[in-house]
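Read through the structure below, which is laid out as structure tokens, and then see the notes.
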Amino acid sequence: MYFLFLIIVTVQVILCFVFVSILGSILPCSLPFCCSKIIDILVGLLFARISFPITKKLLLSKRIKPDDKAVFITGCDHGFGHMLAKKLDSEGFYVYASCLYPSGPGATDLRQKSSNRLKILELDVTRDESVQKAVEFVKADLKSLKLWAIVNNAGILKGISIELTELRDFKDCMEVNLFGVIRVTKAFLPLLRRSKGRIVNITSLGGRVAPCHLSAYTVSKFAASGLTDCLRRELDVWGIHVISIEPEMFQTPIADFGAASKRMDETFASLDASIKEDYGVEYFDKFKKFAGEYAFISSEKIYKVIDDLESAITLEHPSTVYRSSRNIITQMIAIIAQNLPTDILDFIIKISLFFINAPVPKRTKDYF
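Note that the working numbering gives residue 81 to position 70 of the sequence shown, counting from 1, and the numbers run on in steps of one.
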């Protein structure tokens, strides 16, 4: 499989170089020979990078058969994990859907609407003993099956701006979004080495581009993105694919404004009087309204993420990174933002916050 992938990539790059060279010989150019050739190479590589997804979709779209393969998913109570579990079950995979609340409404819905190939088990990714118990269950239950993939989906969002967020919220985000991924991955690696399977980590666009006022979540997702990159390079020798899913904002329970509003009220109530005075009551009221508007612009197209997760698990030649977006425009904005110089990105964010009338603390100078 990998040999075919290398052949197609090589042919793609060569064809792009040939095309650019022909184009360069037709179009007038006053640059010295060496400079024009360097430009040809750079443009050829850029053209190959841009056009490769089309080639990949046409020539590398073969999918694996689910017959003897099992997938372990964390965080199946709701959201991406819940929907993915149903999707994979309907396609013939054996699914271990781990839930924090195995008797809750999410788990009950899975039991009622899935086949007997899907099994629900309890898992708290913050507890070593819970993870170990899940591993032992899967080992005993696999029998002739092989564990094809684990999907680290469980995640939480807590806190707002750094000064207004308690240290506990930072720890909670790290415990689930980073250490939970480490616990589960390390525990299941022996099974994945045997199957030469896959690790699929759901990180976030917020793990590549840092937004304002989601500091605890962003720190944990940056760490998870770094972990995913390390795993991919370290486990390549074992034939294990490590894939990162990096969605923008989608309307899942983690982004629910009702829960976020309650957390903000608790956070504001616990602040020191001096901080409340410096920020002002109006700031807190305006911040809640601002957060609500931010939540409502999140995309309803959750199927975009599920489709990318399915591709990461089932394609013979999956992509390394899937930037799940509502459309090509938001995807391009995300890619550009990741590659802009820091000063320029900071300036763009500053301008954007000004135009959307983001809240400003009472005791600050004018924003500009």
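We put the beta carbon where it would ideally sit given N, CA and C, even for glycine.
Apart from the five residues just before and just after residue i, which ones in its own chain have a Cβ nearer than 8 Å to its Cβ?
i	result
N164	I84, T85, G86, C87, G90, F91, G92, L95, I213
F44	Because the pLDDT of F44 is 47, which lies under 50, any placement of that residue in the model is unreliable, and the number read from its coordinates should be weighed accordingly. Excluding sequence neighbours, F44 sits near nothing in its chain.
L5	A query on residue 5 cannot be resolved here, the shown segment of the chain reaching from 12 to 379 and no further.
I265	G90, G166, I167, L168
By the 10 Å Cβ neighbour count, where 16 or more other Cβ atoms means buried, how is residue i classified, buried or exposed?
i	result
Y314	exposed
C184	buried
L99	buried
E174	exposed
W159	buried
D152	exposed
K207	exposed
P352	exposed
F279	buried
Just the C-alpha distance for residue i and residue j, rounded to the nearest angstrom, thanks.
i	j	result
N338	E288	42 Å
G166	I33	50 Å
I18	R274	53 Å
A369	T263	24 Å
L202	E177	38 Å
A118	L216	28 Å
A221	E311	22 Å
T21	S155	38 Å
Q349	Q123	42 Å
Y333	R179	31 Å
P64	P258	18 Å
I236	G291	Per the sequence presented here, residue 236 reads as Ser, with Ile not at that position. Going by the C-alpha atoms only, they are around 36 Å apart.
K297	K130	45 Å
I360	V195	35 Å
L121	K300	35 Å
L69	I25	18 Å
Among residues of its own chain, excluding the 5 on either side of residue i, which ones have a beta-carbon nearer than 7 Å to its beta-carbon?
i	result
D240	none
I381	Residue 381 lies beyond the residue range present for the chain, which begins at 12 and ends at 379; the question has no answer from this structure.
E186	T137
L246	V253
According to DSSP, which residues form a beta bridge with residue i?
i	result
A252	The question names Ala, but residue 252 is His in the sequence shown. According to DSSP, H252 bridges with R209.
K80	K157
Y290	Looking at the DSSP assignment, Y290 forms no beta bridge with any residue, so it has no partner.
Y105	A81
S231	S231 pairs with nothing; no bridge assigned.
Please classify residue i: does DSSP put it in a helix, a strand, or coil?
i	result
Y112	coil
K169	coil
M260	coil
R374	coil
E133	strand
R74	strand
L225	coil
L356	helix
V162	strand
L326	strand
V20	helix
S310	strand
Using a Cβ-Cβ cutoff of less than 6 Å, which residues in the same chain neighbour residue i once the five nearest sequence positions on both sides are dropped?
i	result
S126	D100
L42	The predicted model places L42 with a pLDDT of 44, which falls under 50 and marks its position as unreliable; any figure quoted below should be read in that light. Excluding residues within five positions, none has a Cβ falling inside 6 Å.
E133	P113
R374	D289
Are the C-beta of residue i and some C-beta of chain E separated by less than 7 Å?
i	result
K273	Among the chains in the structure shown there is no chain E, since it carries only a single protein chain.
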